[in-house]
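Undergrad: In the working numbering, the protein residues as written are 1 to 269.
Glycine included, each C-beta is placed from N, C-alpha and C at the ideal position.
For clarity, every value in this text was computed on a predicted model and none was experimentally measured.
What follows is a structure written as structure tokens; I'll ask about it next.
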């Protein structure tokens with residue numbers, strides 16, 4: 001299980017599923033809108049991000065959007081070359097399908113690592129609940145998360161999303177869902193997080209100066225450019241250190257292919 005240390009870190013840093021709970025006493029306006037159609041527009045149909053830990057590059061993230069006005073499919077490939085603890089390399093593959101309203105309908109996460117035993121988490125939306133199944137080797141665990149009225153589960157709180165209409169001073173609250181806590185019964189399945197647009201800042205992104213709005217949450221910051229695209233995200237992770245994800249201008253197709261085709265021992269990838 002040592003190799004799976006990256007799984008809670010990944011879920012915490014990037015693909016925690018969030019249920020937006022709009023509370024007037026907290027919000028200056030509605031939560032920022034994720035425009036699915038704009039995700040299909042170039043140059044954001046394909047994106048590449050550098051994955052850095054305490055200032056040192058440890059891997060790469062690639063994301064691609066396909067679909068139409070009725071639904072959008074997102075495929076994320078995460079390649080982790082090295083870690084301060086635990087074995088490497090690691091590969092995470094995440095396939096997600098979003099409905100036109102921005103709701104997450106279905107997703108599948110697969111983690112491949114040197115032990116040769118992959119881990120998989122599948123989630124699917126039903127009328128009254130979001131159903132999850134976790135598998136690793138002979139272990140299988142199923143659980144459900146109720147969908148409350150006015151609530152929805154989405155992958156919006158990630159470095160790969162786009163946020164429209166942000167304004168300085170805007171705040172919104174999310175309930176962050178931790179699938180590992182739901183599976184094990186340890187810790188809170190939902191953690192309330194308040195996000196706030198605190199100001200503007202110019203940052204260096206892939207050698208360019210980019211003017212961004214800064215969104216802050218406990219132990220995390222997100223930089224969003226004028227188009228609504230997230231340019232960088234930074235957060236503190238227990239044990240591992242400070243993780244930073246930065247957008248890059250290039251899309252290295254050759255490196256993407258090599259990462260996707262890499263064969264782990266005993267698993268065939």
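For the putative contact between residue 49 and residue 254, defined by C-beta atoms under 8 angstroms, what is the C-beta separation to the nearest angstrom?
TA: Not quite, the Cβ-Cβ distance comes to about 17 angstroms (not below 8 angstroms), so this is no contact.
Undergrad: To the nearest angstrom, how far is it from the Cα of residue 54 to the Cα of residue 239?
TA: If you take the alpha carbons of residue 54 and residue 239, they lie about 12 angstroms apart.
Undergrad: Starting from residue 256, trace the alpha helix (DSSP H) in both directions and tell me its first and last residue.
TA: Element bounds for residue 256: 253 to 261.
Undergrad: Would residue 29 be called buried (16 or more neighbouring beta carbons within 10 Å of its own) or exposed?
TA: With a pLDDT of 45 at residue 29, under the threshold of 50, the predicted position of this residue should be treated as unreliable, though the coordinate-derived value follows. By the neighbour-count rule (16 or more Cβ atoms within 10 Å), residue 29 is not buried but exposed.
Undergrad: Please identify the residue among 80, 72, 122 and 70 whose C-alpha is closest to the C-alpha of residue 94.
TA: Nearest C-alpha to residue 94: 122.
Undergrad: Please give the ranges of any beta strand (DSSP E) in the segment 194 to 221, keeping only runs that are unbroken, at least 3 residues long and fully inside the region.
TA: You should have 208 to 217.
Undergrad: My understanding is that residue 229 touches residue 205, with C-beta atoms under 8 angstroms, so please give their C-beta distance in whole angstroms.
TA: Actually they are not in contact, since the Cβ atoms of residue 229 and residue 205 sit about 10 angstroms apart, beyond 8 angstroms.
Undergrad: I'd like to confirm the pairing. Which residues does DSSP put opposite residue 48 in its beta bridges?
TA: BP columns for residue 48 point to 62 and 248.
Undergrad: Please report the distance separating the alpha-carbon of residue 69 from that of residue 100.
TA: The alpha-carbon atoms of residue 69 and residue 100 are separated by roughly 6 angstroms.
Undergrad: When you compare only the Cα positions, how much space is there between residue 270 and residue 146?
TA: The first residue shown for the chain is 1 and the last is 269, placing residue 270 beyond what the model contains.
Undergrad: Once you ignore the five residues that flank residue 243 on each side, which residues in its own chain have a CB closer than 6 angstroms to its CB?
TA: So the qualifying residues of the chain are 13, 53, 235 and 237.
Undergrad: Residues in its own chain within less than 6 angstroms of residue 124 by CB, not counting five upstream and five downstream?
TA: Only 106 and 131 meet the Cβ criterion.
Undergrad: Where residue 11 and residue 226 are concerned, what is the direct C-alpha to C-alpha distance, given to the nearest angstrom?
TA: Model confidence at residue 11 stands at a pLDDT of 47, short of 50, so the residue's coordinates are unreliable; what they give is reported in the following sentence. If you take the alpha carbons of residue 11 and residue 226, they lie about 27 angstroms apart.
Undergrad: At 4 residues or longer, and completely inside the segment 98 to 140: list those alpha helix (DSSP H) runs for me, N to C.
TA: Counting only runs of 4 or more, we get nothing.
Undergrad: How many angstroms separate the CA atom of residue 114 from the CA atom of residue 91?
TA: Approximately 10 angstroms, taken between the alpha carbons.
Undergrad: Roughly how many angstroms separate the alpha carbons of residue 219 and residue 173, rounded to a whole number?
TA: Rounded to whole angstroms, residue 219 to residue 173 spans 15 angstroms at the Cα level.
Undergrad: Kindly indicate the opening and closing residues of the beta strand (DSSP E) around residue 147.
TA: Run containing residue 147: none; DSSP gives neither H nor E here.
Undergrad: Assuming residue 120 and residue 109 are in contact, meaning their beta carbons sit under 8 angstroms apart, how far apart are those beta carbons, in whole angstroms?
TA: Confirmed, about 7 angstroms.
Undergrad: Taking the alpha carbon of residue 167 as the reference point, which residue from 214, 264, 194 and 261 has its own alpha carbon closest?
TA: Among 214, 264, 194 and 261, the Cα nearest to that of residue 167 belongs to 214.
Undergrad: Closer than 7 angstroms by C-beta to residue 128: which residues in its own chain qualify, once you throw out the five before and the five after it? Chain order, please.
TA: Here the set comprises 146 and 147.
Undergrad: Please work out which residues of its chain come closer than 8 angstroms, Cβ to Cβ, to residue 203, disregarding the five sequence neighbours upstream and downstream, and give them in chain order.
TA: Taken in chain order, the residues that qualify are 209, 210, 212, 223, 231 and 232.
Undergrad: In angstroms, rounded to a whole number, what distance separates the CA positions of residue 137 and residue 118?
TA: Residue 137 and residue 118: Cα-Cα distance of roughly 7 angstroms.
Undergrad: Roughly how many whole angstroms lie between the Cα atoms of residue 251 and residue 47?
TA: Each residue's Cα considered, the two are about 6 angstroms apart.
Undergrad: Taking the C-alpha atoms as reference points, what is the distance between residue 89 and residue 165?
TA: Roughly 38 angstroms separates the two Cα atoms.
Undergrad: Secondary structure at residue 174, three-state DSSP: helix, strand or coil?
TA: If DSSP states are grouped into helix, strand and coil, residue 174 belongs with the strands.
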